[in-house]
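Report on one structure; see the data block that follows.
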Amino acid sequence: MLKDFFFLGLNNLKRRKVRSWLTMIGIFIGIAAVVGLISLGQGLQDYINEQFEILGGDKIIIEPKNIGPPGSATSKNLILTSKDLEVVRDVKGVSKAEGIIMKSGVVTLKDEINVVFTLGMDEGYFELFENLGNFEVIEGKELTDNDKYKVVVGYNHAHGDIWDKPAQLRDTITVEDVDFKVIGIRGKIGNPFDDNAISIPKETLKEILNIEDEESQIIVKTEKGFDPETVAKDIERRLRASRNEKEDQETFDVTTSEQLLETFQNIFMVVQGVLVGIAAISLLVGGIGIMNTMYTSVLERTKEIGTMKAIGAKNSHILTLFLIESGLLGLMGGIIGVILGISLAKAAEYVAGIYIGSPLLHASLNPLIIIGALAFSFIIGTLSGVLPAMQAARLRPADALRYE
Amino acid sequence: MFYIELIFLSTMVKNNEIIKLRKVCKYYYLGGEAIKAVDNINLIIHKGDFVAIVGPSGSGKSTMMNLVGALDLPTEGDVFLDNINIKLLNESELALLRRKKIGFVFQTFNLIPTLTAVENVMLPMIFNGVDSEERKERAEILLKNMGLEHRLNHLPNELSGGERQRVSIARALANDPEVILADEPTGNLDSKRKQEIAEMFEELSKRGKTIILVTHDLEVAKHAKKKYQLKDGRIVK
Chain A
-17 MLKDFFFLGL
-7 NNLKRRKVRS
3 WLTMIGIFIG
13 IAAVVGLISL
23 GQGLQDYINE
33 QFEILGGDKI
43 IIEPKNIGPP
53 GSATSKNLIL
63 TSKDLEVVRD
73 VKGVSKAEGI
83 IMKSGVVTLK
93 DEINVVFTLG
103 MDEGYFELFE
113 NLGNFEVIEG
123 KELTDNDKYK
133 VVVGYNHAHG
143 DIWDKPAQLR
153 DTITVEDVDF
163 KVIGIRGKIG
173 NPFDDNAISI
183 PKETLKEILN
193 IEDEESQIIV
203 KTEKGFDPET
213 VAKDIERRLR
223 ASRNEKEDQE
233 TFDVTTSEQL
243 LETFQNIFMV
253 VQGVLVGIAA
263 ISLLVGGIGI
273 MNTMYTSVLE
283 RTKEIGTMKA
293 IGAKNSHILT
303 LFLIESGLLG
313 LMGGIIGVIL
323 GISLAKAAEY
333 VAGIYIGSPL
343 LHASLNPLII
353 IGALAFSFII
363 GTLSGVLPAM
373 QAARLRPADA
383 LRYE
Chain B
56 MFYIELIFLS
66 TMVKNNEIIK
76 LRKVCKYYYL
86 GGEAIKAVDN
96 INLIIHKGDF
106 VAIVGPSGSG
116 KSTMMNLVGA
126 LDLPTEGDVF
136 LDNINIKLLN
146 ESELALLRRK
156 KIGFVFQTFN
166 LIPTLTAVEN
176 VMLPMIFNGV
186 DSEERKERAE
196 ILLKNMGLEH
206 RLNHLPNELS
216 GGERQRVSIA
226 RALANDPEVI
236 LADEPTGNLD
246 SKRKQEIAEM
256 FEELSKRGKT
266 IILVTHDLEV
276 AKHAKKKYQL
286 KDGRIVK
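Chains as they are written, first to last, in our numbering: chain A, -17 to 386; chain B, 56 to 292.
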């Protein structure tokens, strides 16, 4: 019997093709937005998790408190120094601590000029990580502490569009008027910051930029068996003492990788929440559209409802018939919405891939989201149909038959 | 629902009164004023009768039709359909009663415009829970008996008026009811089709169906065995 009702419902939707389509637009825009945003959001989340897996959960990051991107101008007392690094290394539970310098600088390759991020690092820096992931050199070799005017370039220098003539091994790159020889090329990490950067030995970077004593960032690896959070608190206390700063007025930040992940996820959830909220409003409007269409339909088909009652339809039959019809409107809107949403997410991924070269925008297709979206759209449709369907079911047959 | 079926079974054999109206009144209220559409009607129709109810428009024919067909309840008095007082039934019991006992034929045919002829005839059987193969077979037979074997899969708007009315008669017969209630069935037809449809009712009557024909057309009413004339909500003849 239900199968027959689905047939009757579909039949009625086909009869009012234009109106059915217009009604479905309301639903499929909302569903497309939800599916698109969630799958892109899921992709972003996957990416963040992946990056943190490389960083490792046992890391603590110390940075000067500043506003703006790393390396931007900071006043003298806001920088970290080698003395701070020594203090940190002395804290119980710290297995290893390394400083890194990040500066943007003018770089020349084969008469072309660019401003890129230059990372100054020691060999020890690489030992912080069990797994460098794609930060690993894929061509040539990694810097050692014996190198002086050698450079390892990010993936985009060799394979991206930074240079008209991409960098190759043994090319000469000039940084702040000093020549460096390219000895390695890193793998594709996916974020433009890392892929566009170049790495040179820390001491060399200090020398060519006339930096006396500065660390842009100190990364700590916690000793096994110690809680990174506790160690971070200790580091904060010790640094405060050595830098003569009062609590809550520190000029530095100590963050564990867990906290960093949490911060990202919190921002992410707020953004996603707002976007999905907007999409939900459009779904609500779509639902009201279905309700409106169904009310009109009840009015138009009053005589038909009377006829069906005369030939033996019960109130519950009429109710079911109209609910199925509105549910189908929702479901078909949902199907189109899911297809549209996935296409939009894939398109966004494709466009981002071309223009940013970034896997940050990656559409993650979770079958649960698709099934959920379809079920949800059917439910919205059905719920929106409840009131009109009840009105139809309650019509008195004699009155309905008389209706013109 | 089960007990209704029991009542059906127990009463069907008792006597052969299929419809009984006892002091039936139906009022409509228009602007606070009661209009007596049906005024104190007493009527008994026996199984197998072919009854015509004639009268000018506004005489209460359609209202009486709705009461007899259990589409509406009387304001006063009692309507018995196969010895069941329809006042005592709820909506779904009334639906069941209509489905089992009565086949309706309307002046404007009232076919569902999105369904083909055969699907329209199948519709009452869907509500009656007949399985899909059986109802298709039965619908086809009914339409063939109406001479519509070449029109099975046509939509109502592809059929002529006479053909539509024959589809609607086939639909009325779908659940094999005892009573056929026809409300001005020839009102929208030319005289040749009128004759055809009237003869069809005569034929159904011969096969044992109880036919109640509401019409203002005396030509059509002639085919009935009994005639009641309605005026101002009362039976005058």
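Glycine included, C-beta positions come from ideal geometry on N, C-alpha and C.
Would you tell me roughly how many angstroms separate the C-alpha atoms of LEU91/A and MET84/A, rounded to the nearest one? One-based indexing of the first sequence puts residue 91/A at position 109. One-based indexing of the first sequence puts residue 84/A at position 102. The alpha-carbon atoms of LEU91/A and MET84/A are separated by roughly 20 Å.
Which residue spans inside the stretch 71 to 144 of chain A form an unbroken alpha helix (DSSP H) run of at least 4? 105 to 108 and 137 to 141, all fully within the stretch 71 to 144 of chain A.
Consult DSSP for ALA172/B and reduce its assignment to one of helix, strand or coil. Residue numbering aside, residue 172/B sits at position 117 when the second sequence is read from its first letter. In the structure shown, ALA172/B falls within a helical segment according to DSSP collapsed to helix, strand and coil.
Exposure of GLY106/A, with buried meaning 16 or more beta-carbon neighbours within 10 Å: Stepping through the first sequence from its first residue, residue 106/A is reached at position 124. Here GLY106/A is exposed. Its C-beta has fewer than 16 other C-beta atoms within 10 Å.
For PHE182/B, would you say it is in contact with chain A, using Cβ-to-Cβ distances shorter than 8 Å as the test? What you label residue 182/B is simply residue 127 of the second sequence in a count that begins at 1. Put simply, the CB of PHE182/B is near chain A, with a gap under 8 Å to one of its CB atoms.
For THR130/B: DSSP bridge partner residues: Along the second sequence, one-based indexing puts residue 130/B at 75. According to DSSP, THR130/B bridges with nothing at all.
From THR302/A, GLU45/A and SER308/A, residue whose alpha carbon lies closest to that of ASP(-14)/A: Here residue -14/A refers to the residue found at position 4 when the first sequence is read from its first residue. Answer by Cα proximity: THR302/A.
Considering only residues of the same chain and omitting the five flanking positions on each side of GLU124/A, which have a CB-CB separation below 7 Å? Taking the first sequence and counting its residues from 1, one reaches residue 124/A at position 142. For GLU124/A, where only same-chain residues beyond five positions count, the Cβ hits under 7 Å are PHE108, VAL134 and GLY166.
Which residues, taken in chain order from the stretch 142 to 155 of chain B, show a beta carbon closer than 7 Å to some beta carbon of chain A? Against chain A - using a Cβ distance shorter than 7 Å - the residues of the stretch 142 to 155 of chain B are GLU146, SER147, ALA150, ARG153 and ARG154.
Please give the ranges of any alpha helix (DSSP H) in the stretch 281 to 354 of chain A, keeping only runs that are unbroken, at least 4 residues long and fully inside the region. For the stretch 281 to 354 of chain A, whole alpha helix (DSSP H) runs of length 4 or above, ordered along the chain, are 284 to 292 and 297 to 337.
Please compile the residues from chain A whose C-beta is within a distance smaller than 8 Å of the C-beta of PRO179/B. Taking the first residue of the second sequence as position 1, residue 179/B is located at position 124. Taking a Cβ-Cβ cut-off of 8 Å, the neighbours of PRO179/B in chain A comprise ILE293 and GLY294, given in sequence order.
What number of angstroms, rounded off, separates the C-alpha of LEU128/B from the C-alpha of GLY110/B? Residue 128/B sits at position 73 when you count from the first residue of the second sequence. Residue 110/B sits at position 55 when you count from the first residue of the second sequence. One C-alpha to the other measures close to 22 Å.
Note down the Cα distance separating ILE321/A from ARG1/A, rounded to an integer number of angstroms. Within the first sequence, numbered from 1, the residue matching residue 321/A stands at position 339. Within the first sequence, numbered from 1, the residue matching residue 1/A stands at position 19. Going from the Cα of ILE321/A to the Cα of ARG1/A covers about 21 Å.
Among TRP3/A, GLY259/A and GLN199/A, the one whose alpha carbon lies nearest that of ILE42/A: Here residue 42/A refers to the residue found at position 60 when the first sequence is read from its first residue. Distance from the Cα of ILE42/A is smallest, within the candidate group TRP3/A, GLY259/A and GLN199/A, for GLN199/A.
Thinking C-beta only, is VAL89/A closer than 8 Å to VAL157/A? For the purposes of this step, residue 157/A is taken as the residue at position 175 of the first sequence. For the purposes of this step, residue 89/A is taken as the residue at position 107 of the first sequence. Yes, the pair counts as a contact, with Cβ atoms nearer than the cut-off.
Can you list the residues of chain A that LEU228/B reaches, using a CB-CB cut of under 7 Å? Indexing the second sequence from 1 puts residue 228/B at position 173. Within 7 Å Cβ-Cβ: nothing; LEU228/B doesn't reach chain A, min ~11 Å.
Are the C-beta of LEU94/B and some C-beta of chain A separated by less than 8 Å? Counted from its first residue, the second sequence places residue 94/B at position 39. In the sequence under discussion, the amino acid at residue 94/B is Asp, which differs from the Leu named in the question. No - not a single Cβ of chain A is within 8 Å of the one on ASP94/B.
Can you name the start and end residues of the beta strand (DSSP E) that ALA380/A belongs to? Here the question's residue 380/A lines up with position 398 in the first sequence. Careful: ALA380/A lies outside any beta strand (DSSP E), inside the alpha helix (DSSP H) at 379 to 384.
LYS292/B by DSSP, collapsed to three states: which one? Walking along the second sequence from the start, residue 292/B turns up at place 237. LYS292/B: coil per DSSP, three-state reduction.
Report the rounded CA-to-CA distance for PRO148/A versus SER346/A, giving the unit in angstroms. Along the first sequence, one-based indexing puts residue 148/A at 166. Along the first sequence, one-based indexing puts residue 346/A at 364. In a straight line, the C-alpha of PRO148/A is about 32 Å away from that of SER346/A.
Counting along the chain, where does the alpha helix (DSSP H) carrying VAL16/A start and finish? Here residue 16/A refers to the residue found at position 34 of the first sequence. VAL16/A -> alpha helix (DSSP H) spans -1 to 37.
Compare the C-beta of GLU307/A against all C-beta atoms of chain B and say whether one is closer than 8 Å. Mapped onto the first sequence, residue 307/A falls at position 325. No, GLU307/A does not count as interfacial toward chain B.
Output, in sequence order along the chain, the residues in the stretch 195 to 218 of chain B whose CB is closer than 9 Å to any CB in chain A. From the stretch 195 to 218 of chain B, no residue has a Cβ closer than 9 Å to chain A.
Quick one: list the residues of chain A neighbouring ILE74/B, beta-carbon separation under 8 Å, in chain order. By 1-based counting over the second sequence, the position of residue 74/B is 19. For ILE74/B, none of the residues of chain A pass the 8 Å Cβ criterion, the least Cβ distance being about 16 Å.
Here's a check: name, in chain order, each residue in its chain whose Cβ is nearer than 7 Å to the Cβ of LYS277/B, leaving out the five neighbours to either side. Position 222 of the second sequence, counted from the start, is the residue given in the question as residue 277/B. There are no such residues.
In terms of residue numbering, what span does the beta strand (DSSP E) encompassing SER117/B cover? The residue labelled residue 117/B in the question sits at position 62 within the second sequence. Counting along the chain, SER117/B falls outside any beta strand (DSSP E), though it belongs to the alpha helix (DSSP H) covering 116 to 123.
Might you give, ordered along the chain, the residues of its own chain that have their beta carbon closer than 6 Å to the beta carbon of ASP216/A, omitting 5 neighbours on each side? As a working note, residue 216/A is residue 234 in the first sequence. Within its own chain, the residues whose Cβ lies closer than 6 Å to the Cβ of ASP216/A, once the five positions on either side in sequence are excluded, are VAL73, listed in chain order.
Taking the alpha carbon of ASP104/B as the reference point, which residue from ASP272/B, LEU259/B and ILE290/B has its own alpha carbon closest? For this step, residue 104/B is matched to residue 49 along the second sequence. It is LEU259/B whose Cα lies nearest to the Cα of ASP104/B.
So LEU383/A contacts chain B; which residues on that side make the cut at Cβ distance below 8 Å? The count along the first sequence starts at 1 and reaches residue 383/A at position 401. Within chain B, the residues near LEU383/A are ASN121, LEU126, PHE161 and ASN165.
If you draw a straight line from the alpha carbon of GLU336/A to that of LEU19/A, how long is it in whole angstroms? Residue numbering aside, residue 336/A sits at position 354 when the first sequence is read from its first letter. Residue numbering aside, residue 19/A sits at position 37 when the first sequence is read from its first letter. Looking at the sequence shown, residue 336/A is not Glu but Ile. Roughly 20 Å separates the two Cα atoms.
Looking only at its own chain, which residues have a Cβ that is under 8 Å from the Cβ of ILE90/B, when we skip the five neighbours before and after it? Position 35 of the second sequence, counted from the start, is the residue given in the question as residue 90/B. Short of 8 Å from the beta carbon of ILE90/B, and not among the five residues preceding or following it, lie these beta carbons of its own chain, in chain order: TYR82, TYR83 and TYR84.
Under 8 Å between the Cβ atoms of GLY294/A and ARG153/B? Position 312 of the first sequence holds residue 294/A. Position 98 of the second sequence holds residue 153/B. For the 8 Å CB-CB criterion, GLY294/A and ARG153/B form a contact.
For THR275/A, write down the residues that DSSP places opposite it in a beta bridge. Counting from 1 along the first sequence, the entry for residue 275/A is found at position 293. DSSP, once it has assigned bridges, lists no residue as partnering THR275/A.
Could you tell me which of ILE13/A, ILE182/A, LEU(-5)/A and LYS47/A sits nearest to LEU101/A, measuring between CA atoms? Walking along the first sequence from the start, residue 101/A turns up at place 119. Selection ILE13/A, ILE182/A, LEU(-5)/A and LYS47/A evaluated against LEU101/A yields ILE182/A as nearest (Cα-Cα).
Would you mind telling me which residues of chain B sit closer than 9 Å to GLU286/A, beta carbon to beta carbon, in chain order? Working through the first sequence from its first residue, we reach residue 286/A at position 304. Within 9 Å Cβ-Cβ: ASN165, ILE167 and PRO168.
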